[in-house]
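Asker:
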Amino acid sequence: MTYIFIIITIIISILAFYNRGLFYKLQFNPYSIYHRKEWHRFISYAFLHSDWSHLLINMFVLYSFGTSVELYFKYFFADKAIPYYVLLYLASIIFSVIYDFKRHKNDGFYNAVGASGAVSAVLFSSILFHPLGKLYLFFIPIGIPAVIFGGLYLIYSAYMAKKAKDNVGHNAHFWGAIFGFVFTIILKPELFILFLEQIKKSII
59 MTYIFIIITI IISILAFYNR GLFYKLQFNP YSIYHRKEWH RFISYAFLHS
109 DWSHLLINMF VLYSFGTSVE LYFKYFFADK AIPYYVLLYL ASIIFSVIYD
159 FKRHKNDGFY NAVGASGAVS AVLFSSILFH PLGKLYLFFI PIGIPAVIFG
209 GLYLIYSAYM AKKAKDNVGH NAHFWGAIFG FVFTIILKPE LFILFLEQIK
259 KSII
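Numbering of the sequence shown is given in my numbering, commencing with residue 59 and proceeding in unit increments.
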């Protein structure tokens, strides 16, 4: 399913690059959702991207972690793996923008696009499964344990969301990450025990 999500996202994003009318109809605009009942925007915005770099970065991260999360889902959920993974991805798209929807529902100028919230959900689902896996940031050759990276990611996203001085959806990153972690635990609560045991062993 990761490949399918990537292909669909690339196709829609490219079409929207060259058709601004389509871009405007699909982007996340809380005002249009609340006042015009254009509910499709709760989902469609995640398949759009502002430019090539935005698209390629999100799809690279989704590929890197989505494929491994699918394998974990197949191991732990068997025949329910695909529907659970699809639900994780699509539900995180909605959940990650609920906060901004409530905050900007009367602001006709607020817009957002990108799969970052859903990608964050997939990333944090992978952290639950493998908290001690090493993650590498650009230009930093030293691997950071996933659980530490996750904590820093949440702190950074919350801090930048409060500053609100750039054009990045930090709230979507934060809430998407929270959703991915919690949703996976809800599916199988024992996973949280395994998560804690892995961390405990590394400390001991």
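Each residue gets a CB set at the ideal place from its N, CA and C atoms; glycine is no exception. Keep in mind that this is a model prediction, so the values were computed, not measured.
Taking the alpha-carbon positions, what's the residue 159 to residue 102 distance?
Answerer: Straight-line Cα distance between these residues: approximately 14 Å.
Asker: DSSP state of residue 83, grouped into three classes?
Answerer: Residue 83: helix per DSSP, three-state reduction.
Asker: Do you know offhand how far residue 162's Cα is from residue 259's?
Answerer: Roughly 44 Å between the two C-alpha positions.
Asker: With a threshold of 7 Å on Cβ separation, who are the neighbours of residue 116 within its own chain once the five nearest residues in sequence on each side are excluded?
Answerer: Result list for residue 116: 107, 172, 173, 174, 177, in chain order.
Asker: So which of 81, 235, 219 has the shortest CA-CA distance to residue 228?
Answerer: Per the Cα distances, 219.
Asker: Classify residue 150: buried if its beta carbon has 16 or more other beta carbons within 10 angstroms, exposed otherwise.
Answerer: Residue 150 should be labelled buried.
Asker: Please tell me whether residue 67 and residue 118 are closer than 8 Å, where the distance is taken between their beta carbons.
Answerer: Not closer than 8 Å, so no.
Asker: Please classify residue 202: does DSSP put it in a helix, a strand, or coil?
Answerer: Residue state, collapsed to three classes: strand.
Asker: Count the other CB atoms within 10 Å of the CB of residue 185; is the residue buried (16 or more) or exposed (fewer)?
Answerer: Flag for residue 185 reads buried.
Asker: Rounded to whole angstroms, what's the CA-CA distance from residue 86 to residue 261? Just pull it up for me.
Answerer: Spanning the two alpha carbons is a distance of roughly 43 Å.
Asker: Return yes when the Cβ of residue 189 is within less than 8 Å of the Cβ of residue 253, no when it is not.
Answerer: Cβ distance < 8 Å, so residue 253 and residue 189 count as in contact.
Asker: Compare the C-alpha of residue 230 against each of 212, 243, 136 and name the closest.
Answerer: Of the candidates 212, 243, 136, the one whose C-alpha sits nearest the C-alpha of residue 230 is 212.
Asker: With distances taken between CB atoms, is the gap from residue 64 to residue 142 smaller than 8 Å?
Answerer: Taking 8 Å as the Cβ cut-off, residue 64 and residue 142 do not qualify as a contacting pair.
Asker: Are the beta-carbon atoms of residue 193 and residue 201 separated by less than 8 Å?
Answerer: Cβ atoms of residue 193 and residue 201: closer than 8 Å.
Asker: Quick one: what's got a C-beta closer than 6 Å to residue 215's C-beta in the same chain, skipping five residues either side?
Answerer: Excluding sequence neighbours, residue 215 sits near 228, 231, 232.
Asker: Since I believe residue 250 is in contact with residue 243 (beta carbons under 8 Å), could you give me their beta-carbon distance rounded to a whole number of angstroms?
Answerer: Indeed they touch by this definition, with Cβ atoms about 5 Å apart.
Asker: For residue 88, count neighbouring C-beta atoms within 10 Å of its own C-beta (all shown protein chains included) and say buried if the count is 16 or more, exposed if not.
Answerer: Residue 88 should be labelled buried.
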